[in-house]
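Protein chains in written order, with this note's numbering: chain A, 585 to 888; chain B, 9 to 267. Beneath this line is the structure, given in structure tokens, with notes to follow.
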Amino acid sequence: MNDNYIIKTTGLEHSHAKGTKTLTNINLNVAKGDIYGFLGPNGAGKTTTLRLLLGLTKIQTGKIEVFGQEFSSNRLAILRKVGSLIENPSLYGHLRAYENLEVYREIYGASKARVTEVLKIVGLEHTGKKKVKSFSLGMKQRLSVALALLPNPELLILDEPANGLDPTGIIELRELVKKLNKEEGMTILMSSHQLAEIEKMVNRIGIISKGEMIFQGSMNELKQLQKKQSKLLIHTSDDQTALQVLKAHEPELMEGVISVSYHNEQEIAKMSRALYEKQLDIYLLHPQQNNLEQLFMDLTTQHA
Amino acid sequence: MSLAISLKSEFLKTKRSPTWILTLIMAAFAPAFMLLVFQEEQDGHLSDDIARVSKDAWNFYHYQGWGIISMVFLPMFVVLMSTLLPQIEFRNHTWKQVFAAPQSLGKLYFSKFLLFQFFILAFIALHIILVGISGYFSGILNPRFNFSGNHLDWLKMLMQLGKTYVAILALSTFQFWMGMRFKSFLVPIGVGVLMSILGMINMIGFPVVDADKYFFNFSGFIVIKSNAAKVPYVLWSSAAYAAAFLILGFLDFSRIKER
Numbered sequence: 585m586n587d588n589y590i591i592k593t594t595g596l597e598h599s600h601a602k603g604t605k606t607l608t609n610i611n612l613n614v615a616k617g618d619i620y621g622f623l624g625p626n627g628a629g630k631t632t633t634l635r636l637l638l639g640l641t642k643i644q645t646g647k648i649e650v651f652g653q654e655f656s657s658n659r660l661a662i663l664r665k666v667g668s669l670i671e672n673p674s675l676y677g678h679l680r681a682y683e684n685l686e687v688y689r690e691i692y693g694a695s696k697a698r699v700t701e702v703l704k705i706v707g708l709e710h711t712g713k714k715k716v717k718s719f720s721l722g723m724k725q726r727l728s729v730a731l732a733l734l735p736n737p738e739l740l741i742l743d744e745p746a747n748g749l750d751p752t753g754i755i756e757l758r759e760l761v762k763k764l765n766k767e768e769g770m771t772i773l774m775s776s777h778q779l780a781e782i783e784k785m786v787n788r789i790g791i792i793s794k795g796e797m798i799f800q801g802s803m804n805e806l807k808q809l810q811k812k813q814s815k816l817l818i819h820t821s822d823d824q825t826a827l828q829v830l831k832a833h834e835p836e837l838m839e840g841v842i843s844v845s846y847h848n849e850q851e852i853a854k855m856s857r858a859l860y861e862k863q864l865d866i867y868l869l870h871p872q873q874n875n876l877e878q879l880f881m882d883l884t885t886q887h888a
Numbered sequence: 009m010s011l012a013i014s015l016k017s018e019f020l021k022t023k024r025s026p027t028w029i030l031t032l033i034m035a036a037f038a039p040a041f042m043l044l045v046f047q048e049e050q051d052g053h054l055s056d057d058i059a060r061v062s063k064d065a066w067n068f069y070h071y072q073g074w075g076i077i078s079m080v081f082l083p084m085f086v087v088l089m090s091t092l093l094p095q096i097e098f099r100n101h102t103w104k105q106v107f108a109a110p111q112s113l114g115k116l117y118f119s120k121f122l123l124f125q126f127f128i129l130a131f132i133a134l135h136i137i138l139v140g141i142s143g144y145f146s147g148i149l150n151p152r153f154n155f156s157g158n159h160l161d162w163l164k165m166l167m168q169l170g171k172t173y174v175a176i177l178a179l180s181t182f183q184f185w186m187g188m189r190f191k192s193f194l195v196p197i198g199v200g201v202l203m204s205i206l207g208m209i210n211m212i213g214f215p216v217v218d219a220d221k222y223f224f225n226f227s228g229f230i231v232i233k234s235n236a237a238k239v240p241y242v243l244w245s246s247a248a249y250a251a252a253f254l255i256l257g258f259l260d261f262s263r264i265k266e267r
């Protein structure tokens, strides 16, 4: 067991209605210093998992440890060190930005200077007397991030934080997350349904689909998997002979096209040469564009 | 973290919310009503109020105000406020952030309850002030009522309003439980208003159950002079109901599976 795990769930299961499992055997491991991307399509179980981690939903089966402590019996001690943003912005519309943070300031034991500091971090220090109900969705989202940062947490849990942000806001959020991780040493767990949104900032990733973890590992491991799953599509003047020629690559013939796995461009050249030497005319030689996004789609749709 | 910090947080949430204006408006109803109704002349004839009021103007005026709020406006205020306070969380979808903050469920529940009790006491305090203002202007408009020649029995007034507060405790804890329990404001308001109206009918017109056991109308019950002998029993009952509802409400609150 890695003692550095900030979050460790063991056999986490949850059902919203009898007989309908929302989560099945979730073993989430977030190490200290990680920026952990928790990915999955809508309805996969991301928010339910995060709600369980914050005690917003009662644990039915399994175990949750945060900072090495069992959650249920150490709820307050754990929450003191956790900043969170779950689902939609959770703010008092009739109050101003500063007042929304003031509501929680003493609960987290934060100073007045910290309130000003976090408002500055998210660029909302000049909202003055404007009430939160008249904020745009992006501003509300940024204020929610400020609220999550208020306790200067060791662990930051962000559920789809890019929702409602414009492209500039997304880039700013990305930079902020990296900065908090690097300069403040914050461990960050953030969920998203878009790999492209988070792949540039996370170092570890967990993919959930239909309530089950289908991948968990580093970004490098995900990239290795991507390479393994890359396919070359081939169509020749005699596909049956081509199948024999490419036997070592375990080809598959599907709908008149041969599909083989490859790892690098040299392999493509080698296969092309072998086919040419057998005097086969090559009509199609197409390396399938299997980027991370495609891999994510493949993983989640295969599982579905 | 102390209960005071949670309480302060709850107070901050009411800033610029309708809770303060509701308290002022509801407390102003009875004094405004009395200012309009108590007049020397009605339909061109001298009113019967002169003889009654002029003997003991301030105490009479207070007694009328006490009766009106205890029977109608305080129970209605309790029903509305008990719904309005939790709706600050429900309408803003802020419960999840509140529960993700490091405060115990007990401190959270009881700080909200104490805030609610503060507003009830603020209603009563405002009522005292506004009855004073109403009486002052009534005295100017109606010199024969002789307000300047009479004094208010402060101790008696505070005792009566104190009893009203104890009598409303049962209803306030029950309504607080309902307000915290149901996301829709219609449930606590519907239950509170309907049961209070039925209780009023039961107490004044068509008795079906013993009025001294029906907590929805305890505050009105203690105002009726013929019930004087049962007042101590009703006040103890109200306190017992309040303790029971507070405990049941908290147990219910702490067992909610999804927040």
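Just so you know, even glycine gets a beta-carbon here, dropped at the ideal spot from N, CA and C.
{"Query": "Cβ neighbour criterion (16 or more within 10 Å) applied to A:Glu849", "Result": "exposed"}
{"Query": "Short Cβ contact (9 Å threshold) for A:Ile648 with A:Lys592", "Result": "yes"}
{"Query": "Proximal chain B residues relative to A:Glu683, where beta-carbon distance stays under 8 Å", "Result": "Leu20, Lys23"}
{"Query": "DSSP three-state assignment for A:Tyr688, whether helix, strand or coil", "Result": "helix"}
{"Query": "Separation of B:Ser246 from A:Leu675, as counted between CA atoms", "Result": "37 Å"}
{"Query": "Top-ranked residue by Cα proximity to B:Gln168, from B:Phe85, B:Ile96, B:Leu243, B:Ala65", "Result": "B:Leu243"}
{"Query": "Contacts around A:Ile662, its chain only, beta-carbon distance under 7 Å, and the 5 residues preceding and following it disregarded", "Result": "Val650, Phe651, Gln653, Phe655"}
{"Query": "is_contact[B:Phe109, chain A] using C-beta, thresh 9 Å", "Result": "Correcting the residue type first, residue 109 of chain B is Ala in the shown sequence and not Phe. Yes, contact with chain A."}
{"Query": "Three-state secondary structure assigned by DSSP to B:His135", "Result": "helix"}
{"Query": "The region 34 to 49 of chain B contacting the region 810 to 829 of chain A, beta-carbon criterion three pairs below 8 Å", "Result": "no"}
{"Query": "Proximal chain A residues relative to B:Gly102, where beta-carbon distance stays under 8 Å", "Result": "The residue asked about is misnamed: residue 102 of chain B is Thr in this sequence, not Gly. Those within 8 Å of B:Thr102 in chain A are Ser674, Leu675, Tyr676."}
{"Query": "Under the three-state DSSP convention, the category B:Phe193 falls into", "Result": "coil"}
{"Query": "Start and end residues, beta strand (DSSP E) containing A:Lys815", "Result": "815 to 820"}
{"Query": "Neighbourhood of B:Val231 by C-beta distance below 7 Å, restricted to the same chain and skipping five residues each side", "Result": "Trp74, Gly75, Ser78, Met79"}
{"Query": "Test: B:Gln105 CB closer than 9 Å to a CB of chain A", "Result": "yes"}
{"Query": "Proximal residues of chain E, C-beta to C-beta of B:Glu266 below 9 Å", "Result": "The chain labelled as chain E is not found among the protein chains of the depicted structure, namely A and B."}
{"Query": "Chain B contact residues for A:Glu686, given Cβ-Cβ distances below 8 Å", "Result": "Leu20"}
{"Query": "B:Ala12 CB to nearest heavy atom of the ligand PLP below 8 Å", "Result": "For the structure depicted, the ligand PLP is absent and the ligand set is empty, with no information on it obtainable."}
{"Query": "With 16 other Cβ atoms within 10 Å as the buried cut-off, status of B:Tyr117", "Result": "buried"}
{"Query": "Opening and closing residue of the beta strand (DSSP E) in which A:Ile789 lies", "Result": "788 to 793"}
{"Query": "A:Met797 versus A:Leu685 - alpha carbon distance", "Result": "35 Å"}
{"Query": "Alpha-carbon spacing of A:Thr771 relative to A:Ile610, whole angstroms", "Result": "20 Å"}
{"Query": "6 Å Cβ shell around B:Ala130 - same chain, five flanking residues per side excluded", "Result": "Thr31"}
{"Query": "Length of the line joining the Cα atoms of B:Ala59 and B:Val87", "Result": "37 Å"}
{"Query": "Cβ pair B:Ile132, B:Leu82 closer than 9 Å", "Result": "yes"}
{"Query": "Backbone secondary structure at A:Asp743 - three-state DSSP", "Result": "strand"}
{"Query": "Chain A within 9 Å of B:Lys16, Cβ atoms only", "Result": "yes"}
{"Query": "Within-9 Å CB hit, B:Ile33 to chain A", "Result": "no"}
{"Query": "Extent of the continuous beta strand (DSSP E) run through B:His70", "Result": "Where B:His70 is concerned, there is no enclosing beta strand (DSSP E), although the alpha helix (DSSP H) it sits in stretches over 65 to 76."}
{"Query": "Any chain A beta carbon closer than 9 Å to B:Arg189", "Result": "no"}
{"Query": "Nonlocal neighbours in the same chain, by C-beta distance under 6 Å from B:Leu256, ignoring five residues either side", "Result": "none"}
{"Query": "Cβ distance (whole Å) where A:Gly769 is taken to contact A:Gly603 below 8 Å", "Result": "So it is not a contact: roughly 44 Å between Cβ atoms."}
{"Query": "Three CB pairs or more closer than 8 Å across the region 64 to 73 of chain B and the region 215 to 224 of chain B", "Result": "no"}
{"Query": "Reference B:Phe258; option with closest CA among B:Gly140, B:Ser234, B:Arg189", "Result": "B:Arg189"}
{"Query": "Segment contact flag, the region 612 to 627 of chain A with the region 773 to 791 of chain A, C-beta cutoff 8 Å, min 3 pairs", "Result": "yes"}
{"Query": "A:Tyr589 - DSSP class collapsed to helix/strand/coil", "Result": "strand"}
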